[in-house]
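So the structure is just underneath, and the comments pick up after that.
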Amino acid sequence: MSVKTITTNEIANKIVNNKETTILDVRNTDEFDDWKIEGGNVHVINEPYFNLLDGIEDVEDKLGKDQEIIVICAKGGSSQMVAEMFDEAGFTDVYSLEGGMKAWSEHLEPTKIADLNGDGSLYQFVRLGKGCLSYFIESDGEAAIVDTNRMIDIYEKFAEEKGVQIKHLIDTHLHADHISGGRSLAEKVDGTYNLPPKDATEVTFDYTPLEEGNDIVVGNTTVKVQPIYSPGHTIGSTSLIIDDQYLLTGDILFVESIGRPDLAGKAEDWVGDLRNTLYNCYKELSNDLIVLPAHFSFSSELGEGGQVSARLGDLYEKNSGLQVDDEEEFRSMVTDNLPPQPNAYEEIRKTNMGKVTPDNEEQREMEIGPNRCAVHG
Amino acid sequence: MESTKVLDAKGLACPMPIVKTKKSIQELNSGEVLEVHATDKGAKSDIAAWVKSGGHELLQDTEEDGVLKFWIKKA
Numbered sequence: 001m002s003v004k005t006i007t008t009n010e011i012a013n014k015i016v017n018n019k020e021t022t023i024l025d026v027r028n029t030d031e032f033d034d035w036k037i038e039g040g041n042v043h044v045i046n047e048p049y050f051n052l053l054d055g056i057e058d059v060e061d062k063l064g065k066d067q068e069i070i071v072i073c074a075k076g077g078s079s080q081m082v083a084e085m086f087d088e089a090g091f092t093d094v095y096s097l098e099g100g101m102k103a104w105s106e107h108l109e110p111t112k113i114a115d116l117n118g119d120g121s122l123y124q125f126v127r128l129g130k131g132c133l134s135y136f137i138e139s140d141g142e143a144a145i146v147d148t149n150r151m152i153d154i155y156e157k158f159a160e161e162k163g164v165q166i167k168h169l170i171d172t173h174l175h176a177d178h179i180s181g182g183r184s185l186a187e188k189v190d191g192t193y194n195l196p197p198k199d200a201t202e203v204t205f206d207y208t209p210l211e212e213g214n215d216i217v218v219g220n221t222t223v224k225v226q227p228i229y230s231p232g233h234t235i236g237s238t239s240l241i242i243d244d245q246y247l248l249t250g251d252i253l254f255v256e257s258i259g260r261p262d263l264a265g266k267a268e269d270w271v272g273d274l275r276n277t278l279y280n281c282y283k284e285l286s287n288d289l290i291v292l293p294a295h296f297s298f299s300s301e302l303g304e305g306g307q308v309s310a311r312l313g314d315l316y317e318k319n320s321g322l323q324v325d326d327e328e329e330f331r332s333m334v335t336d337n338l339p340p341q342p343n344a345y346e347e348i349r350k351t352n353m354g355k356v357t358p359d360n361e362e363q364r365e366m367e368i369g370p371n372r373c374a375v376h377g
Numbered sequence: 001m002e003s004t005k006v007l008d009a010k011g012l013a014c015p016m017p018i019v020k021t022k023k024s025i026q027e028l029n030s031g032e033v034l035e036v037h038a039t040d041k042g043a044k045s046d047i048a049a050w051v052k053s054g055g056h057e058l059l060q061d062t063e064e065d066g067v068l069k070f071w072i073k074k075a
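Chains L and E are the protein sequences, given in the same order.
For the first sequence, position 367 matches number 367 in full-length UniProt numbering, and the numbering has no gaps at all.
For the second sequence, position 35 matches number 35 in full-length UniProt numbering, and the numbering has no gaps at all.
Now the structure itself:
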């Protein structure tokens with residue numbers, strides 16, 4: 001007997017459209033507490049599959065027989081077993097998530113942010129599972145991608161559908177939470193891989209320096225990508241202003257939080273840079289810029305259609321990380337009591353530097369879990 | 001480490017390592033030790049959590065050349 005399955009696409013669709021979703025997560029409780037599917041109307045029950053082997057009585061009463069229930073585990077095997085048990089017990093609308101949380105971590109949801117100068121467009125790719133945001137800028141038959149994820153075939157397919165050629169791959173900084181797809185995609189499409197030189201001192205490959213003063217043009221002079229040096233999360237962190245309207249902040253400023261300065265082991269050294277970027281450098285920019293960050297942490301940051309964005313001026317009023325006048329207090333906020341680091345962050349940094357080359361399966365394992373790049377004030 | 005019985009769960013994907021471990025433990029007497037070999041990385045935290053919830057004791061666990069080994073003392 002086989003049970004019905006649901007794809008990550010279908011779940012993503014429910015979440016971005018704020019549909020009622022009931023999930024039975026059968027991973028062990030430590031993994032569940034660490035990381036789970038979240039959304040405004042997502043209701044989750046956790047009961048490890050190994051507690052259900054003798055019967056589902058313990059959770060049965062919490063769920064309705066005709067209710068839609070999505071069973072989820074790490075890779076899709078245990079959820080299938082549990083879904084079958086529910087099916088046998090007379091539950092009529094039970095699904096198992098294909099590929100489990102591992103597949104969920106890799107799902108990218110493209111959403112259009114805006115039209116740009118000429119016939120250009122700006123898209124945000126929302127990695128709902130891990131909270132990573134990447135950007136696809138297209139104009140005049142060409143495209144640039146910012147903070148590309150490891151799953152490069154998704155961007156390639158998107159470019160193909162739009163009939164554009166990927167020319168520039170840009171990383172706002174050397175990532176510690178996920179493996180960049182920038183370098184491999186640049187090699188594949190014969191494009192440039194742009195990285196801030198101060199984050200690239202240990203890399204083992206050639207790259208194009210991403211530096212203030214050297215604008216990148218997408219298409220025929222129509223769309224301008226302007227790098228702004230904005231250190232703090234890393235020493236090289238560089239923001240990008242697109243078309244004088246959109247500010248891609250990388251891991252410096254998020255909608256409800258700010259970047260953490262410690263993932264390269266230098267929190268004490270970089271906290272001053274972070275402060276200066278957030279409290280001086282960004283302040284000189286127009287309040288009307290729309291901030292497009294490289295991460296979100298909470299489903300509350302997802303706006304209409306799953307988009308994550310905010311007006312810079314509004315963040316200066318609402319984001320708790322921007323309200324700390326006292327420098328010492330700020331220093332202590334971003335260096336004391338930090339949340340745990342992202343899973344395998346040191347190995348991920350080495351991979352992004354080209355120092356190690358894990359196989360595909362190892363890369364997937366390394367990226368399990370939330371991004372954890374933010375400090376919540 | 002001494003064990004009463006060895007369970008080879010190598011090559012099996014979740015949930016089978018735990019399903020088989022549970023079955024094997026049922027065949028042992030209290031205080032006897034089951035040695036489990038598995039290759040599914042997820043088994044590491046799942047077996048630890050399952051052992052705890054069942055009141056058994058995880059005496060030792062190792063990882064060598066991609067093979068996870070567990071020694072579980074039955075409650």
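C-beta atoms are modelled at their ideal positions from N, C-alpha and C, and glycine is treated no differently.
L:Tyr-49 has a beta carbon lying within less than 8 angstroms of a beta carbon in chain E.
Bridge pairing for L:Glu-138: L:Ser-121, L:Ala-143 [DSSP]. Boundaries for L:Thr-204: no beta strand (DSSP E) harbours it, and the DSSP string shows neither H nor E there. Listed in chain order, the positions of the stretch 19–51 of chain E with a beta carbon within less than 7 angstroms of a beta carbon of chain L are Val-19, Lys-22, Lys-41, Gly-42, Ser-45, Asp-46, Ala-49, Trp-50. Only residues of its own chain outside the window of five on either side were considered, and among them Ile-166 have a CB closer than 6 angstroms to the CB of L:Val-189, listed in chain order. Excluding five sequence positions before and after L:Ser-96, the CB atoms of its chain that fall closer than 6 angstroms to its own CB belong to Val-3, Thr-5, Val-71, Ser-79, Gln-80, Ala-83, given in chain order.
Listed along the chain, the chain E residues whose CB falls inside 7 angstroms of the CB of L:Asn-28 are Ser-45, Asp-46, Ala-49. Cα atoms of L:Cys-73 and L:Tyr-123: separation of roughly 31 angstroms, rounded to the nearest angstrom. Of all residues in the stretch 74–104 of chain L, only Ala-74, Lys-75, Gly-77, Ser-78, Met-81 come within less than 8 angstroms of chain E when Cβ atoms are compared, listed by chain position. According to DSSP, E:Trp-71 shares a beta bridge with E:Glu-35, E:Gln-60. L:Glu-57 has a beta carbon lying at 8 angstroms or more from every beta carbon in chain E. Excluding sequence positions up to five before and after L:His-233, its CB lies within less than 8 angstroms of the CB of His-173, Gly-250, Asp-251, Ile-252, Gly-259, Arg-260, Pro-261, Leu-263, Trp-270, Leu-274, Cys-373, all in the same chain and listed in chain order. Between L:Asp-325 and L:Ser-180, the alpha-carbon positions lie close to 35 angstroms from each other. Taken through DSSP and simplified to helix, strand or coil, L:Gly-259 comes out as strand. The continuous stretches of beta strand (DSSP E) do not include L:Val-271, which lies in the alpha helix (DSSP H) extending over residues 267–276.
Contact annotation: in the stretch 3–18 of chain E, residues whose CB is within less than 9 angstroms of a CB in chain L are Ala-13, Cys-14, Pro-15, Met-16, Ile-18.
Annotation for L:Ile-23: the continuous beta strand (DSSP E) segment containing it runs 21–25.
The Cβ of L:Leu-53 sits closer than 8 angstroms to at least one Cβ of chain E. In the three-state DSSP reduction, L:Gly-250 falls in the strand class (E or B). As the crow flies, the alpha-carbon of L:Glu-68 is around 25 angstroms from that of L:Lys-130. L:Gly-219 sits close to L:Ser-139, with the two beta carbons spaced by under 8 angstroms.
Using a C-beta cut-off of 8 angstroms, the stretch 52–64 of chain L makes no contact with the stretch 4–21 of chain L, since fewer than three inter-stretch Cβ pairs fall below that distance.
Here L:Val-225 really is in contact with L:Ile-216; their C-beta atoms are around 4 angstroms apart, less than 8 angstroms. DSSP links L:Lys-224 through a beta bridge to L:Val-217. E:His-37 is a Cβ neighbour of E:Asp-8, given a cutoff of 8 angstroms. When C-beta atoms of the stretch 36–52 of chain L are compared with those of the stretch 12–28 of chain L, three or more pairs fall below 8 angstroms, so the two segments count as touching.
By the Cβ-count criterion, L:Asp-119 is exposed, with fewer than 16 other Cβ atoms from all chains shown falling within 10 Å of its own Cβ.
Under a criterion of Cβ atoms nearer than 7 angstroms, the residues of chain E adjacent to L:Glu-365 are, in order, Lys-41. Contact check for L:Pro-196 and L:Thr-238: beta-carbon distance about 5 angstroms, within the 8 angstroms limit, so the pair qualifies.
For E:Thr-4, the closest alpha carbon among the candidates E:Gly-42, E:Ser-24, E:Ala-13 is that of E:Ser-24. For L:Glu-31, the chain E residues whose Cβ falls inside 7 angstroms of its Cβ are Ser-45, in order along the chain. Going by C-alpha positions, L:Gly-163 is about 14 angstroms away from L:Ile-154. Distance between L:Gly-77 and L:Met-353, taken at the CA atoms: about 34 angstroms. If you draw a straight line from the Cα of L:Glu-142 to the Cα of L:Ile-241, it is about 18 angstroms long.
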